[in-house]
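Sequential numbering from 1 applies to the sequence shown in full-length UniProt numbering. Working notes for the structure below.
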Amino acid sequence: MIEGARKLPVHHLTIRVPWHDNGWQGTFCHNPCSNTSCTILPRIATGRDDRHETEHAGESLEGLERDQLPPCVDEHGTIMAPFPQSLLKHHPYAKTSETTHGHFAPTPYTIPPYSAAAIPFRWMLKDQAEGNDRTGVTSRAEALQLGYEVAREPELGFDTNWAQEGTNQRILLDTFFSAAKPEQSLVFFYAKRTPLAEDPRRVIVGVGRVKSVGAPTEYRYAGESRPTDRITGYLWERNITHSIRPDVNDGFLLPYQELLVLAEQDDTIDLTDCAAFAPDEYFEKYSYGSELLPQDGAIASLLALEKAIKAMRHLLEAPWDDFLEWIDRELNRLWQVRGAFPGLGSALHAFGLPHGNLLAWHLLGDSERPVDPWPLLGEALSHPDSLPDYLSEGIGKTQRQKWEKLPDERRDLLMLLARFNLSNDQALRWYQATERESARIGLSDKEILANPYLVYEQDRLQEDPIAFSVIDRGLFPPETLRQAFPIPEPSPVHEAIDERRVRALMIHVLEQAASDGHTLLPASWLIRRVRQQPMKPDCPLDADTLSVVEECLSPDIAGTAMADEPAYQLRRFTETSQLIRSVITKRRKGTPNGGEHDWLALVNRAIDGNELTAALDDDDQQARKEKAAALEQIYRSRVSVLMGSAGTGKSTLLKALCAIESVTNEGVLLLAPTGKARVRLEQASGMAGEGRTIAQFLNGLNRYDGKTGRYYVNRSAPKSSAHRTVVIDECSMLTEEQLAALLDATQGVARLILVGDSRQLPPIGAGRPYVDIVEHLKPGNVESLSPRVAPGYAELTVTMRQQGHAENVRTDLLLANAFSGRPQDAGADEVWHTLGGTESPFVKLVRWNEPDQLQARLMEEMVAELGELDSINDEVGLEETIGGVRSEFKGQTNVFFNNRYKDLSGASEKAEAWQILSPVRQSQVGVLALNRAIQQQFRKDFIGKANATGYRRVIPSPAGPEGIIYGDKVINIQNNKKRYVYPAKDDKYVANGDIGIVVGHRKKRTRNKFPKSLEKDLEVELSSQSGFKYHYKPWEFDGQEKTPPLELAYALTIHKTQGSEFGTTFLVIPNPCRLLSREMLYTALTRHREKVVILHQGDFRDLHRFSHSQSSEIYRRMTNLFSTSKPVEIKTGNQSVFLDDNLIYRTEKRELVRSKSEWIIADKLHRAGIDYQYEQPLKLGGVERYPDFTIKDDDGGQAWYWKHNGMMNNHEYRQRWERKLAAYRQQGILPLSEGGGDNGILLVTEEHQGKGLNAEEIEANIQLVLNG
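Written as structure tokens, this is what we have:
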């Protein structure tokens, strides 16, 4: 080790690998283009040659020339290669900064077999080494007393985040790698992104033992020697050889690749259950390429691997028992190395000793056996001269007396905290009473000692929360440690079902459930989830134990009654549900707002302005009358829901409301859950600059924590009373906590208007408050109302956004409505045939079977549907569709992307003319691959320009892992109100979800130089702010873990497009797709104004199953806002799901039907002893249709087909029924009134406006069937 480095105690290593579909064996991927997971790493995203890798798919890399190797080799993509790999390393600044780094020469580097070249990126950050007071980063050099010197770092003439000088680099690297001890350290390989999950959690792919650690490598220098006035430099890589082998049982890789192949054939496999996710509490240790993992983190990681193995072992053949035995052996060994006090250093820091972690490592030494550090600490404080100089400094008489006179209770608390692997900040927060008070933790030392699990319970909502598992491992080490280092009373936990442990674990499980969308869990679900937690010892909770510990659950857990068993929820959800329920109930009963207005005139003015409108057709007249009735309702009601699918005119209605002078004079507060929705709400209402995001509004009222993203009720905080009308848009995206915090923060509100579409995707978070409120306010006879308006309820049904012509059937609306969860009209099922057999102006179906077919089909359809494209090679045509301007000069065609200037349109005004949608980000059919394919196919010329060097470069270089360039369509993914914009404006808010085009500076004849300040900036014009250019700096796209603020947006996930609208959409639907739900399809099918092109895998009719309730994501959530959910198990094929019985219609035969009327008919048939089939497919004229009920008497040879028709007052619905009735007749199935037909009797019941179900008509039909 170089002088100035520090030898660290034994740690374990984490090493990031890119996802590889052939198991990291030293080959190209089998299907490189379908591997989008690896492109999260910038070096792979920008360096992968898709064509080259596809040509050599599956081939070995052995023997290839260096320039033929894929970029994943540099990212540890060959950890299982049985052969060495020779690389040539180039200093990243050697070419771009020749003055300071030009002396660094290419340096050979060889990776041995079964090895990875580990790079500790975080350790090499200057901020980490030197500290940064502004960002609160502690100096690693100071904390570890390293010989790193800031003065050694050279003046470079440019900014860099990384340590540059060779001696400083060696000190940092030697210190890091000193903790990796061969045969003792484990190495955990993980992937930052995999096909197993769409979330950002890291996935552990395997674990082995460190066999050797490579020596440092100094860069070679040009001319064989380094100039004396230039800095030295070292490669950051060091080879870590591991023990994992195909035929040796000393570590293993999990067979994820085989699992994915199996999952393609069986969509019931839960891939997330089988994934070994890195422990949440050690997320940072699974970041920045390579990191040091403490003993406690290694134990947690092995338990995660064990859990994944137990979920996977019944699906695949593998040496599972060997894997589990290896884990068990390592756990036993690591517990001994960990000892009883893994948090000693942090505890000493909290106590106030300088360099507490260094002192702890000194006291514990390198022994692999547990050590009692406390006598050693007392001895060291009494004789500080016995310590090394770097530790004795700052320890004197006062520190010794402080320790000697420490009250027993304080000493016990310090020793208790040392049993938990806490960070310095966490230990300080819990040891020092003043820090506890600042963190709003109202516990005394005595209370903490009496129940140490309170540390988790009271800390779990902090910015850096202490995990339950950290506390549990501290209190429940193996028996040998418990005996050797007993925990003093009253803290010890003597049994696995100690009530303190059970309560904390229940809270932990309920928090996990909240992230899944539930606000409460039935007791049986709670018990099952507790028993499945990866922990040792297991917690064998059962109903009997639950009844015993019930009394200690208060106040953090509340019990409530469910249909057949008790249920439990966190106290904050008890509070939020009570608050929302109380406000909505009182407002519903409150005195209506007075005032008379010409409602229809207000609507007309909002639509037409001051211009007279030509004669309106019947649909338009109906739409305006419907809006007028809805406008009056939302004006008068103290609380109302304004419902309607995309394009029905909710925005128009808000504009009309905000045009009422008395409303605006009394103050209107416009709120939305996202920045993008806020901007759209302002545009819709005509109140530019008046909207706010919910986070912005609540942050100023102490009900939102920007550090944690948490919304909360705060009864003691001030309230806003400046607005008599509060409008909240996109309410389907609201969590229960968001809505409760909003209601808690406002007072003096005369009308609360909740706007949205409850059939869209549910919120990301706990609850489904908008759905529950809609269900509560919805009148029982809503399906027979026209217009659908009642006190507190206004639903718009006539779509205006997707304009059609009277002679064309709106197949797009019919198809979207199939996934709305609403009862279908009599002939709505014709859409499944209509789309398959005829061309529609609004919907086009395009089939693909294999993933490698999709991209070609998609591009062909883009050419067919986007008028500017002549072929898939028409780059200029594509660029014109996104706002590019063609320019011809001397026989050459150029394209310019300009921002709006005076009367000249800006590029972003076409940014939302078309959009590709996919339910997934990853795989060959996800947005990552599609964006990459579109850019590489249609932006070749500009990609070349962006990668040019010197004078030839006319546009900024590519930015970020996706290589974003001038003219790209992008989406902003971070809210920001401080970004530089030109021209300047007061409100420079950039919203998450805003779509735009990269415009900005391009060199040309009259402007052949970049302004120095703009040389590397990306400038973006957003579609919502035409005429303004927002600047994005290059450093925002750099770094190992930083999320760039922009992403390519030719293709977007369906989730990202919620609240947006586009001219034409290209909807990609893979089959199978685990993420697909009824709400997702409905959302996707309501994003277009003009046409949707559906690119479906396999038979389009397979999507019919998603129209049923069992495919609803909303119905799977358990809540108790107005009524407590009743979970019922619904089996479909070899799958079963639990749905809320309050939201579904389930017959006595336990079948799901679509409407209340069908539910009544089905149960009457069942009670009469009539065997029926629900929605049994029937061929009518070669077309598959779905009668509601099919009844067949095999003995008598008779068949009855029962069709219940609701909403028959609607002209369009009746027309569809007439067509369907004709098809029945043609098939020889005639109505009873016509004597029946040769092939069956058609039984019909109907509902009309204002009239419900006719019970006598139903009974008559039943008697007919019974009498034959």
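Glycine included, C-beta positions come from ideal geometry on N, C-alpha and C.
Over what stretch of residues does the alpha helix (DSSP H) that includes residue i continue unbroken?
i            : result
residue 1270 : Examination of residue 1270 is not possible in this model, given that the chain is present from 1 through 1268 alone.
ASN1261      : 1255 to 1266
PRO769       : 769 to 777
ARG473       : 468 to 475
LYS446       : 445 to 450
Quick one: using the 10 Å Cβ neighbour count with 16 as the cut-off for buried, is residue i buried or exposed?
i            : result
PHE158       : exposed
HIS103       : buried
ARG369       : exposed
LYS969       : buried
GLN621       : exposed
PRO82        : exposed
residue 1290 : Residue 1290 is absent from the structure shown; the chain starts at 1 and stops at 1268.
THR1053      : buried
ARG51        : exposed
SER1111      : buried
HIS90        : exposed
HIS805       : Low per-residue confidence applies at HIS805: pLDDT is 48, beneath 50, and the placement is therefore not dependable, though the value from the model is reported in the following sentence. Classification of HIS805: exposed, given that the 10 Å Cβ count is below 16.
ASP133       : exposed
GLN1215      : exposed
CYS552       : exposed
SER651       : buried
LYS1203      : buried
LEU13        : buried
THR398       : exposed
Using 8 Å for Cβ pairs, my map puts residue i next to residue j. What's the rounded Cβ distance?
i       : j       : result
LEU1143 : ARG581  : The pair is not a contact, with the Cβ atoms about 17 Å apart (cut-off 8 Å).
ARG921  : GLU198  : 6 Å
THR268  : GLN1173 : Wrong, their Cβ atoms sit about 24 Å apart, outside the cutoff.
SER115  : ILE240  : 6 Å
PRO956  : LEU1018 : 6 Å
PHE896  : SER887  : 6 Å
THR217  : THR107  : 7 Å
PRO70   : GLU98   : Not really, about 29 Å apart at Cβ, beyond 8 Å.
Would you kindly report the start and end of the unbroken beta strand (DSSP E) that includes residue i?
i       : result
PHE1189 : 1189 to 1193
THR1147 : Neither: THR1147 is in no beta strand (DSSP E) and is coded neither H nor E.
ILE995  : 995 to 998
MET124  : Here MET124 belongs to no beta strand (DSSP E), and DSSP marks it neither H nor E.
ALA790  : 788 to 790
LEU602  : Where LEU602 is concerned, there is no enclosing beta strand (DSSP E), although the alpha helix (DSSP H) it sits in stretches over 599 to 608.
ASP1140 : 1135 to 1140
Determine, using beta carbons only, whether residue i comes closer than 7 Å to chain E.
i      : result
GLU565 : Of the protein chains in this structure there is only one, and it is not chain E.
Three CB pairs or more closer than 8 Å across the stretch 1018 to 1036 and the stretch 982 to 997: yes
The stretch 323 to 331 in contact with the stretch 144 to 164 per 3-pair CB rule at 8 Å: no
In chain order, each alpha helix (DSSP H) run of at least 4 residues that lies wholly inside the stretch 2 to 53: 42 to 47
Contact between the stretch 681 to 698 and the stretch 732 to 751 (3+ Cβ pairs under 8 Å): yes
The stretch 721 to 736 touching the stretch 748 to 766, judged by at least three CB pairs closer than 8 Å: yes
Uninterrupted alpha helix (DSSP H) stretches inside the stretch 1203 to 1241 (no shorter than 4 residues): 1211 to 1226
The stretch 281 to 295 in contact with the stretch 327 to 343 per 3-pair CB rule at 8 Å: yes
Those runs of the alpha helix (DSSP H) which lie wholly inside the stretch 666 to 700 and span at least 4 residues: 675 to 685, 694 to 699
Three CB pairs or more closer than 8 Å across the stretch 834 to 843 and the stretch 1083 to 1103: yes
Runs of alpha helix (DSSP H) lying entirely within the stretch 513 to 565, each at least 4 residues, in chain order: 523 to 531, 543 to 549
Touching by the beta-carbon criterion (3+ pairs, under 8 Å), the stretch 943 to 956 and the stretch 861 to 878: no
Stretch-stretch touch, CB-based, cutoff 8 Å, three pairs: the stretch 588 to 607 with the stretch 623 to 634: yes
Three CB pairs or more closer than 8 Å across the stretch 251 to 268 and the stretch 202 to 218: yes
Segments of 3+ residues assigned as beta strand (DSSP E) that fall wholly inside the stretch 810 to 889: 843 to 848, 885 to 889
The stretch 634 to 650 / the stretch 697 to 712 touching (three or more Cβ pairs under 8 Å): no
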